[in-house]
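Engineer: Under this note's numbering, the first residue of the sequence shown is numbered 3, with each subsequent residue one higher.
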Amino acid sequence: MATMITSECINCGACEPECPNNAISQGEELYVIDPLLCTECVGFHDYEACAAVCPVDCCVTDPNNVEGEEALIGRAKAIHQDIQFGDTFESRFRKGDKPAPAAAKKPAAQPQGEPAAATAATAESAAPAAVERLEDESIEPPLPPADSWSIPLRCYKCNESFDFPVGRFMVGNVLWCPHCHKSMVVRDNVNYQIRTLLKDFYEGWEKDETEFRARRERELREFREKRAKELRDFENRRRQGLEKIKARFAELGDNYDAPGRPAKKGSFAWG
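1) Closest to Ser93 by C-alpha separation, out of Leu200, Thr63 and Cys43, would be which residue?
2) Give the single residue among Arg229, Val188 and Ile81 whose Cα lies nearest to the Cα of Cys14.
3) For the putative contact between Ser163 and Arg156, defined by C-beta atoms under 8 Å, what is the C-beta separation to the nearest angstrom?
4) Using only CA atoms, which one of Glu71, Cys179 and Trp207 lies nearest to Pro143?
5) In whole angstroms, what separates the C-alpha of Tyr33 from that of Ile7?
6) Going by Cα to Cα distance, which pick from Phe95, Asp59, Asp36 and Phe171 is closest to Ser9?
7) Looking at Thr41: is its Cβ nearer than 8 Å to the Cβ of Ala78?
8) Between which two residues does the alpha helix (DSSP H) carrying Phe95 extend?
9) Mind checking who Asp165 pairs with in its DSSP beta bridge?
10) So what does DSSP say about Tyr194, is it helix, strand or coil?
11) Kindly identify the DSSP beta-bridge partner or partners of Trp178.
12) Over the uninterrupted alpha helix (DSSP H) stretch that includes Ile81, give me the two end residues.
13) Val188 and Val168 - do their beta-carbons sit closer together than 8 Å?
14) For Phe171 versus Asn193, is the C-beta distance shorter than 8 Å?
15) Tell me the DSSP secondary structure of Gln86 in three-state form.
16) Taking C-beta to C-beta, are Ile12 and Ala25 nearer than 8 Å?
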């Protein structure tokens, strides 16, 4: 098993029904993957289904438990003895090879953890925390300070190249070649191009990150709303089912012809 669920899990439950091996279940604090059942979806998909649907990207590779395709397909065959995988099974190790489709995925078992309402409540309370974490989340790679850049220059005298700090690249400054010690003066048009390039780059970088964070928040909010609606619809169906069976019991009780029950007025009793 090379897949694990990290502490970033918000208990949304999206991953559980996607697992072809029923390896994912609700743990004490978050969802967990049974290493004896996980096959990284080898035999069923050319990707890991749990990672594909996770809204917070917490289904990741376990660096301390890496397995190869042979071991994973062997486990899949042991778990699904009724399926013939053949030699062209789906596998993330063969992604892009277009293998023949594997046998249909077995339906996932019903969750054995907390009741639906409790699970949804946990996800609803944890999801805003995930959004807050995103605001403080460090995105790689970090953007270096604007004055930390260096400009590669080539000396017109000795033809050797050297780096010069952008913070000192200003109009009128004298640059000295470290190889031949020939001096050069910064011209206005070059200074303008460098400042404009840095300004546009940093503004674009910040705009891109702002849009990315906003999109992540929106997708997470929409996911929570969808899950909440699904729960409400499910609970309404259950309430309707309860009302129907209550009404049916009432009907049976009202029409039950108990021994010794007085005959209705105007009816005849035959002996």
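All C-beta atoms, glycine included, are put in the ideal place defined by N, C-alpha and C. Predicted model only: the values in this text are computed from it and were never measured.
Structural biologist: In this structure, then:
1) Looking up residue 93 in the sequence shown gives position 91. Of the candidates Leu200, Thr63 and Cys43, the one whose C-alpha sits nearest the C-alpha of Ser93 is Cys43.
2) On the sequence shown, position 12 is the one that residue 14 refers to. Of the candidates Arg229, Val188 and Ile81, the one whose C-alpha sits nearest the C-alpha of Cys14 is Arg229.
3) For this step, residue 163 is matched to residue 161 along the sequence shown. For this step, residue 156 is matched to residue 154 along the sequence shown. Sure, about 5 Å apart at Cβ, within 8 Å.
4) By 1-based counting over the sequence shown, the position of residue 143 is 141. It is Trp207.
5) Residue 33 sits at position 31 when you count from the first residue of the sequence shown. Residue 7 sits at position 5 when you count from the first residue of the sequence shown. Approximately 7 Å, taken between the alpha carbons.
6) Working through the sequence shown from its first residue, we reach residue 9 at position 7. Closest by alpha carbon: Asp59.
7) Translated into the one-based positions of the sequence shown, residue 41 becomes position 39. Translated into the one-based positions of the sequence shown, residue 78 becomes position 76. Yes, the Cβ-Cβ distance between Thr41 and Ala78 is below 8 Å.
8) As a first step, residue 95 is located in the sequence shown; it is residue number 93 there, counting from the start. First-last for Phe95: undefined, no H or E at that position.
9) The residue you call residue 165 lines up with position 163 of the sequence shown. Asp165 is bridged to Pro154.
10) Translated into the one-based positions of the sequence shown, residue 194 becomes position 192. In the structure shown, Tyr194 sits in a helix (DSSP, three-state: H, G or I).
11) Here residue 178 corresponds to residue number 176 of the sequence shown, with the count starting at 1. Beta-bridge pairing links Trp178 to Ser185.
12) Position 79 of the sequence shown, counted from the first residue, corresponds to residue 81. Element bounds for Ile81: Glu71 to Ile81.
13) Translated into positions along the sequence shown, residue 168 becomes position 166. Translated into positions along the sequence shown, residue 188 becomes position 186. Not a contact, by the Cβ cut-off of 8 Å.
14) Here residue 171 corresponds to residue number 169 of the sequence shown, with the count starting at 1. Here residue 193 corresponds to residue number 191 of the sequence shown, with the count starting at 1. In this structure, Asn193 lies closer than 8 Å to Phe171 by Cβ.
15) For this step, residue 86 is matched to residue 84 along the sequence shown. Of the three classes helix, strand and coil, the one that applies to Gln86 here is coil, per DSSP.
16) Residue numbering aside, residue 12 sits at position 10 when the sequence shown is read from its first letter. Residue numbering aside, residue 25 sits at position 23 when the sequence shown is read from its first letter. Cβ atoms of Ile12 and Ala25: not closer than 8 Å.
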